[in-house]
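Trainee: The structure follows.
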Amino acid sequence: MLKKIICLFTGMLVSAVFVANIYAQSGTVGIFDGNSDVGPVKNKGSVVYNAANQQYTVTGSGTNIWFGKDEFHFVWKRVKGDFILRTNAAFVGKGTEAHRKFGLMVRKSLNGTSAHVNAVVHGDGLTSLQYRNADGDSTKEQKAGISSADVIQLERKGKTYTMSVARKGDVFGPEEKIDLDLGDEVYVGIFVCSHNPAVSEKAVFSNVRIVTPAPADLVTYKQYLGSNIEILDMQTQNSRIIYQSPKSLQAPNWTVDNKSLIYNSEGLLYKYNLATNIPAVLNTGAAKGNNNDHVLSFDGKWLTISNNDNGSPSVGFVVPVTGGEPRRVTETGKGASYMHGWSPDGKFLVFCGERNKEYDVYRVPVSGGPEERLTNTPGLDDGPEYTPDGKFIYFNSVRSGLMQVWRMNADGSNQTQITNDDNNNWFPHVSPDGKWIVYITFLKSEVAPGDHPFYKHVYLRVMPTAGGPSKVVAYLYGGQGTINTPSWSPDSKHIAFVSNTNLLFPAFPISKN
1 MLKKIICLFT
11 GMLVSAVFVA
21 NIYAQSGTVG
31 IFDGNSDVGP
41 VKNKGSVVYN
51 AANQQYTVTG
61 SGTNIWFGKD
71 EFHFVWKRVK
81 GDFILRTNAA
91 FVGKGTEAHR
101 KFGLMVRKSL
111 NGTSAHVNAV
121 VHGDGLTSLQ
131 YRNADGDSTK
141 EQKAGISSAD
151 VIQLERKGKT
161 YTMSVARKGD
171 VFGPEEKIDL
181 DLGDEVYVGI
191 FVCSHNPAVS
201 EKAVFSNVRI
211 VTPAPADLVT
221 YKQYLGSNIE
231 ILDMQTQNSR
241 IIYQSPKSLQ
251 APNWTVDNKS
261 LIYNSEGLLY
271 KYNLATNIPA
281 VLNTGAAKGN
291 NNDHVLSFDG
301 KWLTISNNDN
311 GSPSVGFVVP
321 VTGGEPRRVT
331 ETGKGASYMH
341 GWSPDGKFLV
351 FCGERNKEYD
361 VYRVPVSGGP
371 EERLTNTPGL
381 DDGPEYTPDG
391 KFIYFNSVRS
401 GLMQVWRMNA
411 DGSNQTQITN
421 DDNNNWFPHV
431 SPDGKWIVYI
441 TFLKSEVAPG
451 DHPFYKHVYL
461 RVMPTAGGPS
471 KVVAYLYGGQ
481 GTINTPSWSP
491 DSKHIAFVSN
501 TNLLFPAFPI
511 SKN
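For the sequence shown, this note's numbering gives the first residue as 1, with consecutive numbering after it.
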């Protein structure tokens, strides 16, 4: 009996030591609950979180993530339900082994033999979806058609896991999918494995997101997800979340003094102080139904706003940027008007107007007067915006089949298609220095050409105004309200935008508004 008790105690002690080793490095790290060495690694792993740029540097050792057991370093969070994991990542240094690995991981447990699925990039460029169906089973693999990916995404819907990968700047390539039952609550996160127990490798992860997407039964335009306001560095394509709210925040404008962002939420406009991270309601007088079509004048003194109080058609107004009672500028007795741009001299506004069940681009004097129709083709023309030199107006049009970016002279002449790809491209915004255009891309497989809904997989892409190919600068979950309005910083080096999530994992300043 005594021997049985001793054996039982010894087993419990060994088990306790094992658990202690797994959880020895637990503790909040950025958006994650903890970080752990999985399996009997020789060299202890670690993570360093840079709060200023919201990047994670992960150091990991381990023999491999393969066959029936794994050894690596894991930075994780416990998550239930559907989710989207996404990151940009790259190794630090040349490394020792061709099959060192970094990636995104979903595990049933922190045990080294656990069932799992991961989106992994190897040191030699091999990019694949790897998975273990059950604890202790041999690992299987589906190779991606893209090698050396540095943007990876792993999404769960029910029991289906989908990997999407890209080289930085490109759209995602063909998906890899697997059906796998890991249980509802799982460990999700980022990882590094050296593929050599004697060495450690490092990788830097940026733009790390755990997104809780909209449920299938969400009623659009009546129910909303939470919002992240993000600042994108155009040089590095690193994006920082500066503010979060459980409410729908939309369409940040960047003020010309570089001090504030102006966004709309629940019919009101807010001025968000970039130094204090505190928003305050911007007085728009009787206009209490402001939507996400609001634009600053080039001199920064005025706002044009679009207001549809009590469900009435949207009406265009102007109001001082300091706040005040708005003055109507669009004509009475007309259809809806959605304001999108000022002329650089401050004399004209351009907007998308619904007239006789057609949506076209119109121009109207800021001082008031008759509106002038600038487009007249069947189908939606939207999002008009002047270039800083006043010579051109960019807009988006569905006239060629899919929604694409177009340009015309300021008087409406010489309408020319600028983008021509297999996606739907909306809301072109010209940088203050006149060199770049940023626009939002909706996937043809998800969105009809004439629609730009909430809560979709979208890209922010830029292209030179002088001509040239587009490149992706942000991969995100958003859509309506992400970048409806001009949101370049005054120096053309940053862009403000909104992404969306159910906000189960807040890790940044949370709005009380």
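Ideal Cβ placement from N, Cα and C applies to all residues, glycine included.
Per DSSP, what kind of secondary structure is residue 311 in: helix, strand or coil?
Mentor: In the structure shown, residue 311 sits in a helix (DSSP, three-state: H, G or I).
Trainee: In chain order, what residues of the same chain have a beta carbon less than 8 Å from the beta carbon of residue 498, not counting five sequence neighbours either side?
Mentor: Cβ within range, chain order: 227, 228, 229, 230, 249, 250, 251, 252, 263, 478, 481, 482, 483.
Trainee: Is it right to say residue 306 is buried, meaning 16 or more other beta carbons lie within 10 angstroms of its own, or is it exposed?
Mentor: Residue 306 comes out buried.
Trainee: What is the DSSP secondary structure of residue 179, counted as helix, strand or coil?
Mentor: Residue 179: strand per DSSP, three-state reduction.
Trainee: Could you tell me whether the Cβ atoms of residue 179 and residue 167 are closer together than 8 Å?
Mentor: For residue 179 and residue 167, no; Cβs fall outside 8 Å.
Trainee: Look at the alpha carbon of residue 22 and the alpha carbon of residue 200, and state the distance between them as a whole number of angstroms.
Mentor: Its pLDDT being 37, under 50, residue 22 is placed unreliably by the model, and nothing is read from it.
Trainee: By DSSP, does residue 213 sit in helix, in strand, or in coil?
Mentor: Here residue 213 sits in coil by DSSP.
Trainee: In whole angstroms, what separates the C-alpha of residue 347 from that of residue 303?
Mentor: If I take the Cα positions, the gap works out to 13 Å.
Trainee: With distances taken Cα to Cα, identify the nearest neighbour of residue 105 among 97, 439, 190, 112.
Mentor: Out of 97, 439, 190, 112, 190 has the C-alpha closest to the C-alpha of residue 105.
Trainee: Do you know offhand how far residue 332's Cα is from residue 411's?
Mentor: The straight-line gap from Cα to Cα measures roughly 23 Å.
Trainee: Any idea which residues DSSP pairs residue 79 with across the strands?
Mentor: Beta-bridge pairing links residue 79 to 186.
Trainee: Taking the alpha carbon of residue 52 as the reference point, which residue from 30, 420, 429 has its own alpha carbon closest?
Mentor: Here the closest residue by C-alpha is 30.
Trainee: Between residue 62 and residue 111, what straight-line distance do the alpha-carbon atoms span, to the nearest angstrom?
Mentor: C-alpha separation (whole angstroms): 14 Å.
Trainee: Span of the beta strand (DSSP E) holding residue 110?
Mentor: From DSSP, residue 110 is part of no beta strand (DSSP E); its letter is neither H nor E.
Trainee: Kindly indicate which three-state DSSP category residue 167 falls into: helix, strand or coil?
Mentor: If DSSP states are grouped into helix, strand and coil, residue 167 belongs with coil.
Trainee: Determine the closest residue to residue 367 out of 414, 318, 257, with distance taken between C-alpha atoms.
Mentor: Taking only the C-alpha atoms, the option nearest residue 367 is 318.
Trainee: Could you give the DSSP three-state label for residue 244: helix, strand or coil?
Mentor: It is a strand residue.
Trainee: Is the beta carbon of residue 173 sitting closer than 8 Å to the one on residue 145?
Mentor: Yes; because the gap between Cβ atoms is below 8 Å, this pair is in contact.
Trainee: Count the other C-beta atoms from every protein chain shown that fall within 10 angstroms of the C-beta of residue 336, then say buried if there are 16 or more, exposed otherwise.
Mentor: Per the 10 Å Cβ criterion, buried.
Trainee: For residue 451, report the span of its beta strand (DSSP E) as first-last.
Mentor: First-last for residue 451: undefined, no H or E at that position.
Trainee: Tell me, to the nearest whole angstrom, how far the beta carbon of residue 121 is from that of residue 108; I am working on the premise that it is less than 8 Å.
Mentor: No, residue 121 and residue 108 are not in contact; Cβ-Cβ is about 22 Å, not under 8 Å.
Trainee: From residue 432 to residue 342, what does the alpha carbon distance come to, in whole angstroms?
Mentor: Taking the straight line joining both Cα atoms gives about 13 Å.
Trainee: Over the uninterrupted beta strand (DSSP E) stretch that includes residue 264, give me the two end residues.
Mentor: From DSSP, the beta strand (DSSP E) with residue 264 extends over 260–265.
Trainee: Here's a check: name, in chain order, each residue in its chain whose Cβ is nearer than 6 Å to the Cβ of residue 285, leaving out the five neighbours to either side.
Mentor: So the qualifying residues of the chain are 325, 326.
Trainee: Please state the DSSP three-state secondary structure of residue 464.
Mentor: DSSP places residue 464 in strand when its eight states are reduced to three.
Trainee: Taking three-plus beta-carbon pairs below 8 Å as touching, is the segment 463–470 in contact with the segment 209–227?
Mentor: Contact fails: fewer than three Cβ-Cβ distances are below 8 Å.
Trainee: So residue 143 is in the beta strand (DSSP E); what residue range does that whole segment cover?
Mentor: Looking at the DSSP string, the run of the beta strand (DSSP E) that includes residue 143 is 140–143.
Trainee: For residue 357, does the count of other Cβ atoms within 10 angstroms reach 16, so buried, or fall short, so exposed?
Mentor: When all chains shown are included, residue 357 counts as exposed.
Trainee: Write down the C-beta distance between residue 424 and residue 449 rounded to the nearest angstrom, noting that I regard them as a contact closer than 8 Å.
Mentor: Right, their Cβ atoms sit about 5 Å apart.
Trainee: With burial defined as no fewer than 16 other Cβ atoms inside 10 Å of the residue's Cβ, what is the status of residue 137: buried or exposed?
Mentor: When all chains shown are included, residue 137 counts as exposed.
Trainee: Could you give the distance in angstroms between the alpha-carbon of residue 420 and the alpha-carbon of residue 486?
Mentor: Cα to Cα, residue 420 sits roughly 22 Å from residue 486.
Trainee: Ends of the beta strand (DSSP E) at residue 424?
Mentor: It spans 424–430 - the beta strand (DSSP E) in which residue 424 sits, taken as one unbroken run.
Trainee: Does any C-beta atom of chain D lie closer than 8 Å to the C-beta of residue 284?
Mentor: Any reference to chain D falls outside this structure, which holds one protein chain only.
Trainee: Secondary structure at residue 415, three-state DSSP: helix, strand or coil?
Mentor: Here residue 415 sits in coil by DSSP.
Trainee: Quick check: the segment 156–163 against the segment 33–50, are there 3 or more CB pairs under 8 Å?
Mentor: Counting Cβ pairs under 8 Å, fewer than three are found: no touch.
Trainee: So what does DSSP say about residue 251, is it helix, strand or coil?
Mentor: Residue state, collapsed to three classes: strand.
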